[in-house]
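Engineer: Take the sequence shown: its letter number 205 is residue 229 in this note's numbering, and every next letter is one higher.
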Amino acid sequence: MKAAINLLFSVTSMLPSNPRIVIVGGGVSGIAAAVSLVDKGFDNVTVLEAEDRVGGRVNTVPFGHSHVDLGAHWVHGEEGNAVYEIGNQLGLLTPSGDFGNIEFIADDGSEVSSFVGMSLYEASCAILDNKEEMKKASGSVENYLTPRILAVARKKIPDNRLLDAYLDWLIKFECTIEGCDYLSDPSAPGLTHYKQCPGDPITCWIRGGYKNIIDILLNEHPAALGKVNPLEGKILLNTEVKEIDWGGLTAFVKTKDGRTFQADHVIVTVSLGVLKDRHSTLFNPRLPDKKIQAIRGLGIGTVNKIYLKFEKAWWPEGCCGFSLLRKNKSAPLEVGEYPWERDIIGFYIESTAPMVVGAWLVGDAARDMETYKDEQVMAACYRTLIKFAGTKYDIPPPEAVIRSKWFSNPHFRGSYSYRSISSEVLNTSAAHLAEPVKNFYKKEMLFFAGEATHSYFYSTVHGALETGWREAERIATMYTNRKLGKCSL
25 MKAAINLLFS
35 VTSMLPSNPR
45 IVIVGGGVSG
55 IAAAVSLVDK
65 GFDNVTVLEA
75 EDRVGGRVNT
85 VPFGHSHVDL
95 GAHWVHGEEG
105 NAVYEIGNQL
115 GLLTPSGDFG
125 NIEFIADDGS
135 EVSSFVGMSL
145 YEASCAILDN
155 KEEMKKASGS
165 VENYLTPRIL
175 AVARKKIPDN
185 RLLDAYLDWL
195 IKFECTIEGC
205 DYLSDPSAPG
215 LTHYKQCPGD
225 PITCWIRGGY
235 KNIIDILLNE
245 HPAALGKVNP
255 LEGKILLNTE
265 VKEIDWGGLT
275 AFVKTKDGRT
285 FQADHVIVTV
295 SLGVLKDRHS
305 TLFNPRLPDK
315 KIQAIRGLGI
325 GTVNKIYLKF
335 EKAWWPEGCC
345 GFSLLRKNKS
355 APLEVGEYPW
365 ERDIIGFYIE
375 STAPMVVGAW
385 LVGDAARDME
395 TYKDEQVMAA
405 CYRTLIKFAG
415 TKYDIPPPEA
425 VIRSKWFSNP
435 HFRGSYSYRS
445 ISSEVLNTSA
455 AHLAEPVKNF
465 YKKEMLFFAG
475 EATHSYFYST
485 VHGALETGWR
495 EAERIATMYT
505 NRKLGKCSL
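1) Assuming Thr408 is part of the beta strand (DSSP E), what are its boundary residues?
2) Output the distance between the C-alpha atoms of Thr216 and Ser41, rounded to the nearest integer angstrom.
3) Straight-line CA distance for Leu186 to Ala496?
4) Assign Lys26 to one of three DSSP states: helix, strand, or coil.
5) DSSP three-state call for Ala496: helix, strand or coil?
6) In its own chain, which residues sit with a C-beta less than 7 Å from the C-beta of Lys462, not counting the 5 before and 5 after it?
7) Whose C-beta lies closer than 8 Å to the C-beta of Pro421 among residues of the same chain, with five residues either side of it excluded?
8) Answer with buried or exposed for Thr501, where buried requires no fewer than 16 other C-beta atoms within 10 angstroms of its C-beta.
9) Starting from Trp537, follow the alpha helix (DSSP H) in both directions and report where the run begins and ends.
10) In the DSSP output, what is Pro86 paired with across the bridge?
11) Apart from the five residues just before and just after Asn125, which ones in its own chain have a Cβ nearer than 7 Å to its Cβ?
12) Given Thr452, which residues of its chain have a CB within under 6 Å of its CB, disregarding the five upstream and five downstream residues?
13) Is Val52 near Leu357, with beta carbons less than 8 Å apart?
14) Count the other CB atoms, across all protein chains shown, that sit within 10 Å of the CB of Leu249; report buried if there are 16 or more and exposed otherwise.
15) What number of angstroms, rounded off, separates the C-alpha of Ile266 from the C-alpha of Ile47?
16) Quick one: Cα of Leu457 to Cα of Thr491, how far?
17) Could you check if Ser304 is buried or exposed, using at least 16 other CB atoms within 10 Å of its CB as the buried criterion?
18) Looking only at its chain, what residues have a beta carbon closer than 6 Å to the beta carbon of Ile426, apart from the 5 residues adjacent to it on each side?
19) Once DSSP output is grouped into helix, strand and coil, what is the label at Cys511?
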């Protein structure tokens, strides 16, 4: 008992009056944590961001006469969604529109039913929304979904080649939703951990894109009405962290350019992809086994977007885009055709960016696309559009292209996380990834935030936002307890 009391007081006495807090990563969770800490009276806060901008996987860029989001795209749900609540209060959000008005086009020019395509998608949503049934399942989402959606599809599509084409599109589309490379990767019961906020699942920003949420947090949005940026002078861009030495009384955060930042606490907000890629060299000493198991077990895939700017709209008014059905996917590549072209899921009209169409890719094809030059990517997309829709529409060549490269960028190494089969095998979870790590002296030194650390809002911006607030509150509580003569061990 006496030893426990002594340890309690020794840990409490280690907490400084003005703690130095270093936040690794200036994405949504990192910025949210930093702003919250400053609001709570912690002034000695430094954000180290490897990119030349803040926002992380929120990346709104100018394109044409408007903007596009290379990363986070929609606000998913309304009730209980912190991002929606913030944006809606300022009148910055709008419904996404009628996504039922999407044309399905086959590669052989045959007439296909858009109604069938959307009804299959709606059926798959209903199957995956039945969480009570999924909780009883074992294995992957693919093993759970495929026989059930096949039972529906066979009643609607007698042609086997067309049936396969619809299912191929549906599975790839579902991969973009889950953030996985293949539906054989995510766990079916694991998918039930995710909670969808009630309300419109795909709300859009009226103007300015997802960068609005960063601007609002930093008081840089016009709605801030002259408020001061709470992190003025506290964010260092182009500052990549090379190593976090966390075993001693204080941590030493070492950067690639040779600087060292001393810290009493470090909040790590890098993506799960970066943790998978660099955890063995980033942390000294190595992380606890339980933390490493979480990093290895949780999944992250690659979803990329390619935006094309046209001189004029060649699609009919009210059209939301084109989903591509490949009945001849196994045919040899045509002269000049790239393998990844055949995995373009569709081209969808950007409602907030006039004359802009966005193509989506996932998995190996998305990563392969990143290795090609812009002009090659633009030519491939135009070639695909002509092949599928050129007989029906007069499609001019695009004027410009811009695309995401989430995997090849070493500061991200992927798009967003999911609950994998491996996480079940390793008996790990987001809670294990989020758990703080104590140093040799039993002081909580390392804290973890980011969408992958959220138990049920993973893969979302509102999830990332909440985790930043969570870790700021966790640190603040330590110091509140000290003032009250308490210490949680």
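All residues carry an ideal CB built from backbone N, CA and C; glycine is no exception. From a predicted model like this one, the values you see are computed outputs, not experimental measurements.
Structural biologist: Let's see:
1) For this step, residue 408 is matched to residue 384 along the sequence shown. Looking at the DSSP string, Thr408 is not in any beta strand (DSSP E); the run it does join, the alpha helix (DSSP H), is 398-413.
2) Here residue 216 refers to the residue found at position 192 when the sequence shown is read from its first residue. Here residue 41 refers to the residue found at position 17 when the sequence shown is read from its first residue. Straight-line Cα distance between these residues: approximately 43 Å.
3) Your numbering for residue 186 matches position 162 in the sequence shown. Your numbering for residue 496 matches position 472 in the sequence shown. One C-alpha to the other measures close to 52 Å.
4) Start at 1 with the first residue of the sequence shown, and residue 26 comes out as number 2. With a pLDDT of only 48 at Lys26, under the threshold of 50, the placement of this residue in the model should not be trusted, and no figure is reported.
5) On the sequence shown, position 472 is the one that residue 496 refers to. The three-state secondary structure of Ala496, taken from DSSP, is helix.
6) By one-based count along the sequence shown, residue 462 stands at place 438. These residues qualify, in order along the chain: Glu468, Met469.
7) In the sequence shown, the residue the question calls residue 421 occupies position 397. Counting only residues of its own chain and dropping the five nearest sequence neighbours on each side, Pro421 has a CB closer than 8 Å to the CB of Tyr406.
8) Taking the first residue of the sequence shown as position 1, residue 501 is located at position 477. The residue is exposed, with fewer than 16 neighbouring Cβ atoms inside 10 Å.
9) Given that the chain is displayed from residue 25 to residue 513, the structure contains no residue 537 and the question cannot be resolved.
10) Start at 1 with the first residue of the sequence shown, and residue 86 comes out as number 62. In DSSP, Pro86 forms a bridge with His91.
11) Locating residue 125 in the sequence shown gives position 101, where the first residue counts as 1. Excluding residues within five positions, the ones whose Cβ falls inside 7 Å are Gly342, Cys343, Cys344.
12) As a working mapping, residue 452 is identified with position 428 in the sequence shown. The answer, listed in chain order, is Gln317, Ala318, Gly321.
13) Within the sequence shown, numbered from 1, the residue matching residue 52 stands at position 28. Within the sequence shown, numbered from 1, the residue matching residue 357 stands at position 333. Using a Cβ distance threshold of 8 Å, Val52 and Leu357 do not count as a contacting pair.
14) Within the sequence shown, residue 249 is the residue found at index 225, counting from 1. Exposed, since its Cβ has fewer than 16 Cβ neighbours within 10 Å.
15) For the purposes of this step, residue 266 is identified with residue 242 of the sequence shown, where counting begins at 1. For the purposes of this step, residue 47 is identified with residue 23 of the sequence shown, where counting begins at 1. Per the sequence presented here, residue 266 reads as Lys, with Ile not at that position. Each residue's Cα considered, the two are about 14 Å apart.
16) For the purposes of this step, residue 457 is identified with residue 433 of the sequence shown, where counting begins at 1. For the purposes of this step, residue 491 is identified with residue 467 of the sequence shown, where counting begins at 1. So the two alpha carbons sit approximately 12 Å from each other.
17) Here residue 304 is taken as the residue at index 280 of the sequence shown, counted from 1. Exposed, since its Cβ has fewer than 16 Cβ neighbours within 10 Å.
18) Locating residue 426 in the sequence shown gives position 402, where the first residue counts as 1. Hits under 6 Å: Phe87, Tyr331.
19) Working through the sequence shown from its first residue, we reach residue 511 at position 487. Residue confidence for Cys511 is low, a pLDDT of 40 falling below 50, so the modelled location carries little weight; the figure read from the coordinates is stated next. Coil.
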